[in-house]
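Numbering (my numbering), first residue to last: 1 to 210.
Backbone N, C-alpha and C define an ideal beta-carbon position, used for all residues, glycine too.
As structure tokens, the structure follows; a few thoughts come after it.
The structure is reproduced here in structure tokens:
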């Protein structure tokens, strides 16, 4: 939390946003910081005990009351520079309703790549917007979480294995083995289970009709 709150004293916040004349976004970030500091959320763990919820339409598929919590739900340890980028990106997305392009980031938050302004990295950092379809979960999520930033600024992180698994329609009682990098790779390489189930259902009907 301290690392993130230090953003309020950093050059990108004090001068970068002011130079772009987006005071409203500055105020939005300040509000997000206050919420983050008040909540002081942890990083989760391999098992988080408690009640789990999901939309009613898919509860039958995802939930298993026998678990008593949720598995594979710990976040990555992010670099300080990425935490600042995630904070900016999630606040931008919440305020404008879209994920920022790379050149919309304050200059101080741009990655130190010589081709960063070439246009090839427009979506280098991508927020998965609330109440909208996610982007495709690929195995690249095992390398970094830049394309899978949580939409809530108070979270200030990328998606956990379980969150990515839910987007891939893995039920909550599917446990991913291995270290976290291997878990992400399993999620990204998989055919979405609910899609596979629907395809199998269609194939079954065809075979029975022959």
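Buried/exposed call for residue i, threshold 16 Cβ in 10 Å
i           : result
residue 64  : exposed
residue 119 : exposed
residue 161 : buried
residue 188 : buried
residue 199 : exposed
residue 181 : exposed
The ligand ZN heavy atom lying under 7 Å from the CB of residue i
i          : result
residue 63 : Although the ligand ZN was asked about, the structure shown includes no ligands whatsoever.
Where residue i falls: helix, strand or coil (DSSP)
i           : result
residue 91  : helix
residue 67  : coil
residue 140 : helix
residue 28  : helix
residue 19  : Bear in mind that the predicted position of residue 19 carries a pLDDT of just 49, short of 50, making it unreliable; the figure below should be weighed with that in mind. Here residue 19 sits in helix by DSSP.
Boundaries (first-last residue) of the alpha helix (DSSP H) holding residue i
i           : result
residue 122 : Segment: none, residue 122 is in no alpha helix (DSSP H) and carries neither H nor E.
residue 189 : 180 to 189
residue 163 : 161 to 167
residue 59  : 59 to 62
Enclosing beta strand (DSSP E) for residue i [first to last residue]
i           : result
residue 134 : Counting along the chain, residue 134 falls outside any beta strand (DSSP E), and DSSP gives it neither H nor E.
residue 206 : Not the beta strand (DSSP E): residue 206 falls in the alpha helix (DSSP H), residues 193 to 209.
residue 48  : 44 to 49
| Is the region 144 to 152 touching the region 113 to 127, taking contact as three or more C-beta pairs under 8 Å? | yes
| Would the region 101 to 113 and the region 136 to 145 be scored as touching if the rule is three or more Cβ pairs under 8 Å? | no
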